[in-house]
Amino acid sequence: MSGRRIVIGIGNPDRGDDGVGRLVARSLDGRLPADVEVVEADGEATALLAHMDGAEAAYLVDACASGAEPGTVRRFDAAAAPLPQAAFGLSTHGFGLAEAIELARALRQLPARCVVYAIEGAGFETGAPLSDAVAEAIPQVQERLCCEIEQPADVGS
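Position one of the sequence shown corresponds to residue 34 (this note's numbering), numbered consecutively onward.
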C-alpha cells in the first residue's frame, strides 16, 4: 500500500473505559511499519476529519456502548456502511465518531479503507478507572490491528 495510513486512538482517559482507544494507540508503539502514523485524539469531529484527510487508510479505535458484554471487540468497515447508531449514538466527545465518518463520506474525504475497532465499555464516569474487561481487550485489538495493517487484503470483518 503506497498511500498514507493512520491509526487514530480515540477517547478521554479521565472517563474510565472511554480512554481505551488512546491506550491501544500507545500499545502500538514500535509494532507497526514506520510509514503508519499513530495519533491520539479526543474524538472531536473536526480533529478526526483533519487526521483522516488525505489518508488512503484510516484505522480508528474507540469505546462504544451498545449493551454488549464489556470488553467485547467489534470491527466495522466504515467505508462500506455507516456505523450502527446503537453502538455509537451517544458520545462523550459531543459530535461523535459516527457523525464524523458520515461527514467525511458526504464531503468525499473518507479514506478508501476506513476501519473502526469498537471496544464495549462498562463505565464512562469522570474519574472512573479503566475496567478489567476493557483492559483485557487491548492486546486483542493491538494484535488484530497489527495483522490487518500488515496484510490488509487478508483480514475479514
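We put the CB at the ideal spot given by N, CA and C, even for glycine.
Proximity to Met85 across Val149, Pro103, Leu61, Gln118 peaks at Val149, based on C-alpha coordinates. Taking each of Ala90, Asp51, Ala111, Pro115 in turn and checking the Cα distance to Ile182, the smallest one comes out for Ala90.
Annotation: Val69 to Gly154 spans about 27 Å, alpha carbon to alpha carbon. Gly54 sits buried, since 16 or more C-beta atoms from the chains shown fall within 10 Å of its C-beta. By a beta-carbon distance limit of 8 Å, Ile41 contacts Leu93. Their separation comes to about 5 Å. Put simply, the backbone Cα of Gly100 is about 14 Å away from that of Asp50. For the 8 Å CB-CB criterion, Cys147 and Ala114 do not form a contact. At a Cβ-Cβ threshold of 8 Å, Val167 and Pro103 count as neighbours.
Rounded to the nearest whole angstrom, the C-alpha separation of Ala80 and Phe128 is 11 Å.
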